[in-house]
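Undergrad:
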(Lines of atoms letter the chains of each structure in order from A and count residues from 1; the text may use other names and numbers.)
(Lines give C-alpha, C1' and ligand atoms only; values in the text may rest on other atoms or scores of the structure.)
Protein backbone atom coordinates (compact mmCIF):
# COMPACT_ATOMS: atom_id res chain seq x y z
CA UNK A 1 0.00 0.00 0.00
CA UNK A 2 1.35 3.44 -0.89
CA UNK A 3 1.66 6.08 1.79
CA UNK A 4 0.79 9.75 1.32
CA UNK A 5 2.19 12.42 3.60
CA UNK A 6 3.82 15.83 3.75
CA UNK A 7 6.46 17.12 6.15
CA UNK A 8 5.55 19.96 8.49
CA UNK A 9 7.98 22.14 10.43
CA UNK A 10 10.64 19.47 10.50
CA UNK A 11 8.46 16.90 12.26
CA UNK A 12 7.00 13.74 10.84
CA UNK A 13 3.30 13.91 10.17
CA UNK A 14 1.02 10.89 10.35
CA UNK A 15 0.78 8.84 7.17
CA UNK A 16 -2.45 7.75 5.57
CA UNK A 17 -2.85 4.77 3.29
CA UNK A 18 -4.58 5.09 -0.07
CA UNK A 19 -7.60 3.28 1.41
CA UNK A 20 -7.77 5.77 4.28
CA UNK A 21 -7.55 8.68 1.84
CA UNK A 22 -10.36 7.14 -0.24
CA UNK A 23 -12.44 6.79 2.93
CA UNK A 24 -11.90 10.46 3.83
CA UNK A 25 -12.71 11.48 0.25
CA UNK A 26 -16.05 9.69 0.51
CA UNK A 27 -16.86 11.51 3.76
CA UNK A 28 -15.76 14.80 2.16
CA UNK A 29 -18.19 14.23 -0.71
CA UNK A 30 -21.05 14.60 1.77
CA UNK A 31 -22.45 11.08 1.70
CA UNK A 32 -23.57 9.39 4.89
CA UNK A 33 -21.36 6.87 6.61
CA UNK A 34 -23.69 4.09 5.46
CA UNK A 35 -23.44 5.14 1.81
CA UNK A 36 -19.66 5.54 2.08
CA UNK A 37 -19.42 2.08 3.63
CA UNK A 38 -21.41 0.53 0.77
CA UNK A 39 -19.30 2.32 -1.84
CA UNK A 40 -16.09 1.10 -0.18
CA UNK A 41 -17.54 -2.38 0.33
CA UNK A 42 -17.25 -2.20 4.12
CA UNK A 43 -19.73 -2.65 6.90
CA UNK A 44 -20.89 0.58 8.52
CA UNK A 45 -19.28 -0.58 11.77
CA UNK A 46 -15.91 -1.18 10.07
CA UNK A 47 -16.08 2.24 8.44
CA UNK A 48 -16.77 3.93 11.78
CA UNK A 49 -13.93 1.99 13.41
CA UNK A 50 -11.51 3.00 10.63
CA UNK A 51 -12.61 6.63 10.91
CA UNK A 52 -11.93 6.53 14.66
CA UNK A 53 -8.47 5.05 14.00
CA UNK A 54 -7.71 7.79 11.47
CA UNK A 55 -8.91 10.49 13.88
CA UNK A 56 -6.78 9.07 16.68
CA UNK A 57 -3.70 8.91 14.46
CA UNK A 58 -4.20 12.48 13.22
CA UNK A 59 -4.98 13.67 16.77
CA UNK A 60 -8.33 15.17 15.78
CA UNK A 61 -11.73 14.74 17.39
CA UNK A 62 -14.10 14.26 14.47
CA UNK A 63 -14.10 12.79 10.96
CA UNK A 64 -14.75 16.29 9.58
CA UNK A 65 -11.52 17.49 11.19
CA UNK A 66 -9.75 14.54 9.55
CA UNK A 67 -11.24 15.56 6.19
CA UNK A 68 -10.01 19.13 6.71
CA UNK A 69 -6.54 17.81 7.66
CA UNK A 70 -6.38 15.79 4.42
CA UNK A 71 -7.79 18.61 2.29
CA UNK A 72 -5.25 21.11 3.61
CA UNK A 73 -2.51 18.72 2.55
CA UNK A 74 -4.16 18.25 -0.84
CA UNK A 75 -4.61 14.53 -0.29
CA UNK A 76 -8.29 14.74 -1.22
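Numbering (my numbering), first residue to last: 1 to 76. Built from N, CA and C at the ideal position, the CB exists for glycine as well. Keep in mind it's a predicted model, so treat the numbers as computed, not measured.
#1: Please report the distance separating the alpha-carbon of residue 53 from that of residue 15.
#2: Once DSSP output is grouped into helix, strand and coil, what is the label at residue 40?
#3: If you follow the alpha helix (DSSP H) that residue 22 is in, where does it begin and where does it stop?
#4: For residue 31 and residue 59, what's the separation of their Cα atoms in angstroms?
#5: Three-state secondary structure (DSSP) at residue 5?
TA: With the given structure in hand:
#1: By 1-based counting over the chain shown, the position of residue 53 is 53. By 1-based counting over the chain shown, the position of residue 15 is 15. As the crow flies, the alpha-carbon of residue 53 is around 12 Å from that of residue 15.
#2: Here the question's residue 40 lines up with position 40 in the chain shown. Annotated three-state conformation of residue 40 is coil, per DSSP.
#3: In the chain shown, the residue the question calls residue 22 occupies position 22. That run of the alpha helix (DSSP H) goes 18 to 28.
#4: Here residue 31 refers to the residue found at position 31 of the chain shown. Here residue 59 refers to the residue found at position 59 of the chain shown. Roughly 23 Å separates the two Cα atoms.
#5: For the purposes of this step, residue 5 is taken as the residue at position 5 of the chain shown. Because the pLDDT at residue 5 is just 49, under 50, the model does not fix this residue reliably, and the value given afterwards should be weighed accordingly. Residue 5: coil per DSSP, three-state reduction.
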